[in-house]
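Colleague: Numbering follows the numbering used here, in which position 16 of the sequence shown is assigned residue number 97; successive positions increment by one, without gaps.
Sending over a structure as structure tokens; questions will come in a sec.
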Amino acid sequence: MPVRSIGLPADDLDRSVTAFMAATPVTRRWDVERDFDWGAADANRLTDGQRSAVRFITFIEDHLPGYFALYSSRFPLDADTDVETFLLNREIYHFTVRWAQEEDSHARALFRYQVESGISAAEPLRRELAEEGRKQFSLPHEHPAALFAYTLVQEKATQIYYQNLKAVVGDPVLAEVLNRLSRDEARHFTFMADMVENYLHHYGDSVVEPIREAIAQFRMPLADTLRGYWRWALRIADTAHYDHTEAYEHLVRVVRRAVDAPSDRVDELDRFVRACRALPADSR
Ligand SMILES: [Fe+2]
Ligand SMILES: [Fe+2]
């Protein structure tokens, strides 16, 4: 499989993208301007830890240009791309632009919340986000299945985080923002799960190895670039009673479902994830 190709039949990609689109008809979408009672946003109802968590996730969501650029360079659509590769990459692009639009609205909703609730004024926040946002985002994965497995874990981890945080925050406006975001992340996870299943159906359990690597090398986005990341990540995990390795089990479940025959590779993946999860949170 060429590294820069999605490497799946166009019809399979079309089916997965169509299912993703069908899950968000226009009538069920939300927007930043219309769906929140911004005038009621009040950061005084939050603990310090919760305010800090909002600041943290704003950085993560606001890095969208970096995530989008990574997909664009991994699955190029330009004159140097042969037709066969292009037509597959073109299919996934239908997903990527919609996904990017949704993630960008997450960034805007969190920015707006910070400003309306009094966490930060717009101007210094914009500058802070730009300083982090211009840093390059990269991932080590060569195999496209590893990239999708990574994103699957990332989307599920974010969904769980937002749900947990929503359950403890004292400001109903923030709870509603987190509710919308977590539902989007759940759909993003479903698409990624569908992609991982496509690889397993098409290539069999030989794809389990790159998937295992995606977990072995897993870092939350911005872990290597955001200032003070590790201390901050531990603190926000504590605020929302959250452990990102919980998302690994969802990946194993997806793999088990797709590979119905007994497989040593899948068993090994399962053992590997259990071993990851047995580690105390602060040693990862
Ligand atoms: Fe998001
Ligand atoms: Fe997402």
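Quick reminder that beta carbons are idealized off the backbone N, C-alpha and C, glycines included.
Got a sec: does ligand 2 put a non-hydrogen atom nearer than 8 angstroms to the Cβ of T239?
Modeller: yes
Colleague: With a CB to CB cut of under 6 angstroms and the five nearest residues on each side skipped, what residues in its chain are close to V335?
Modeller: A274 and V277
Colleague: Out of I296, R308, E349 and D305, state which residue places its alpha-carbon closest to the alpha-carbon of T326.
Modeller: I296
Colleague: Can you list the alpha helix (DSSP H) stretches of 4 or more residues lying completely in the segment 224 to 265, in chain order?
Modeller: Entirely contained in the segment 224 to 265, the alpha helix (DSSP H) runs reaching 4 residues are, in chain order, 225 to 249.
Colleague: With respect to 8 angstroms, is the separation between the Cβ of W313 and the closest non-hydrogen atom of ligand 2 below this value?
Modeller: no
Colleague: So, Y148 versus E184, is the Cβ gap smaller than 9 angstroms?
Modeller: yes
Colleague: G251: buried (16+ other C-beta within 10 angstroms of its C-beta) or exposed?
Modeller: Burial call: exposed.
Colleague: Which residue wins for smallest C-alpha separation from L307, given the options R109, F140 and A121?
Modeller: If we check each option's Cα against that of L307, F140 comes out closest.
Colleague: Does the beta-carbon distance from F272 to Q240 come in below 9 angstroms?
Modeller: no
Colleague: In whole angstroms, what is the alpha-carbon distance linking W311 and A304?
Modeller: 7 angstroms
Colleague: Count the CB pairs spanning the segment 283 to 302 and the segment 119 to 127 that are closer than 8 angstroms, and state whether there are at least three.
Modeller: no
Colleague: Is the segment 202 to 217 touching the segment 155 to 171 in the sense that three or more CB pairs, one from each, lie closer than 8 angstroms?
Modeller: Cβ pair count under 8 angstroms is below three, so no.
Colleague: With a threshold of 9 angstroms between beta carbons, is A248 in contact with chain B?
Modeller: Here chain B cannot be found, since the structure has a single protein chain.
Colleague: Take every Cβ of the segment 224 to 233, pair it with every Cβ of the segment 98 to 105, and state whether three or more of those distances are shorter than 8 angstroms.
Modeller: no
Colleague: Give a yes or no on whether the C-beta atoms belonging to Y329 and C357 are separated by under 9 angstroms.
Modeller: yes
Colleague: In the DSSP assignment, find the alpha helix (DSSP H) that holds A91 and state where it starts and stops.
Modeller: A91 to A103
Colleague: Are the CB atoms of A124 and L246 nearer to each other than 9 angstroms?
Modeller: no
Colleague: Looking at H187 and ligand 2, is the gap between the Cβ and the nearest heavy atom below 8 angstroms?
Modeller: yes
Colleague: Considering T139, what are the terminal residues of the alpha helix (DSSP H) in which it resides?
Modeller: D129 to D143
Colleague: Can the beta-carbon of R171 be found closer than 9 angstroms to that of L158?
Modeller: Yes, Cβ-Cβ distance for R171 and L158 is below 9 angstroms.
Colleague: What are the complete alpha helix (DSSP H) segments, minimum 4 residues, inside the segment 337 to 363?
Modeller: 345 to 359
Colleague: Could you check the C-alpha separation between H331 and S219 for me, to the nearest Å?
Modeller: Between H331 and S219, the alpha-carbon positions lie close to 24 angstroms from each other.
Colleague: Helix, strand or coil: which one does DSSP assign to I296?
Modeller: DSSP places I296 in helix when its eight states are reduced to three.
Colleague: Is any heavy atom in ligand 2 found nearer than 8 angstroms to the beta carbon of H322?
Modeller: Distances between the C-beta of H322 and the heavy atoms of ligand 2 are all 8 angstroms or more.
Colleague: Measuring CA to CA, which of A203, L255 and L350 is closest to D116?
Modeller: L255
Colleague: Let me check understanding here. Comparing Cα to Cα, which of I173, Q131, Y194 and G88 lies closest to W313?
Modeller: Q131
Colleague: Starting from the N-terminal side, write out each stretch of the alpha helix (DSSP H) that is 4 residues or longer and does not extend beyond the segment 151 to 187.
Modeller: none
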